[in-house]
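Below is one structure; the comments refer to it alone.
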Amino acid sequence: MSLNFLLLPLVIFAGMGLSVEAGLLGPLGNDVGHLWATLSIFGVGSALLGLLLLFFGPKDGPAFKELPRWQLLGGLLGPIYVVVLTVATPYIGIGMTMVAILSGQVGASLLIDHFGWLGTAHKRVGPERLLALALIVAALVLIAGGAQ
439 MSLNFLLLPL VIFAGMGLSV EAGLLGPLGN DVGHLWATLS IFGVGSALLG
489 LLLLFFGPKD GPAFKELPRW QLLGGLLGPI YVVVLTVATP YIGIGMTMVA
539 ILSGQVGASL LIDHFGWLGT AHKRVGPERL LALALIVAAL VLIAGGAQ
């Protein structure tokens with residue numbers, strides 16, 4: 439079993455994480471504003487700044503203390519994505535990495551939409567959307583086969 443084959447599931451899961459991240463940040467952005475939600479996805483320094491703003495910021499700021507804590511977890515997924523990109527891209531190439539990420543993103547997005555997870559609106563996943571996912575996975579198989 440080649441390293442490339444082993445990295446593909448990792449890259450797909452990294453792509454799925456981006457969809458979860460978007461699902462977490464979407465409701466958070468609606469509740470507190472898009473700039474505050476975006477702040478949560480940055481590194482350790484930004485996380486510290488975010489916590490200071492959340493709990494010690496101006497009294498007329500957003501009411502973060504009343505929000506479910508899970509809405510603030512989106513920022514944890516970004517570094518995982520970046521590390522996976524850094525590790526996988528030299529081995530499997532940018533094209534295969536991006537299509538693998540896309541397949542994970544679309545797969546997770548369809549699940550999040552269908553079940554209304556993470557505070558998102560329920561959007562039924564029908565045959566057309568499943569076919570779209572199948573075609574993206576087919577693109578990944580074709581790109582992987584052409585990379586030999």
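Position one of the sequence shown corresponds to residue 439 (this note's numbering), numbered consecutively onward. Glycine included, C-beta positions come from ideal geometry on N, C-alpha and C. Just so you know, these numbers come straight off a predicted model, no measurement behind them.
Let me know if residue i comes out buried or exposed under the rule of 16 or more other beta-carbons within 10 Å of its beta-carbon.
i, result
"Ile532", "exposed"
"Leu492", "buried"
"Thr535", "buried"
"Val579", "exposed"
"Gly554", "exposed"
"Gly512", "buried"
"Thr488", "The sequence shown places Gly at residue 488, not Thr. Gly488 comes out buried."
Looking at residue j and residue i, is the spacing between their C-beta atoms short of 8 Å?
i, j, result
"Tyr519", "Leu445", "no"
"Leu462", "Leu556", "yes"
"Leu441", "Gln509", "no"
"Gly542", "Phe451", "yes"
"Leu548", "Arg562", "no"
"Ala546", "Met454", "yes"
I need the DSSP call for residue i, collapsed to helix, strand or coil.
i, result
"Thr558", "coil"
"Pro517", "helix"
"Leu505", "coil"
"Pro565", "helix"
"Asp498", "coil"
"Ser547", "helix"
"Ala582", "helix"
"Gly542", "helix"
"Ser440", "coil"
"Gly512", "helix"
"Gly471", "coil"
Taking CB distances under 8 Å as the criterion, tell me whether residue i reaches chain B.
i, result
"Gly583", "The structure shown has no chain B; it contains just one protein chain."
On the premise that residue j lies in contact with residue i, defined as a C-beta separation below 8 Å, what is that separation, rounded to the nearest angstrom?
i, j, result
"Val537", "Ala570", "That pair is no contact at about 13 Å."
"Ala587", "Val470", "Since the first and last residues shown for the chain are 439 and 586, residue 587 lies out of range."
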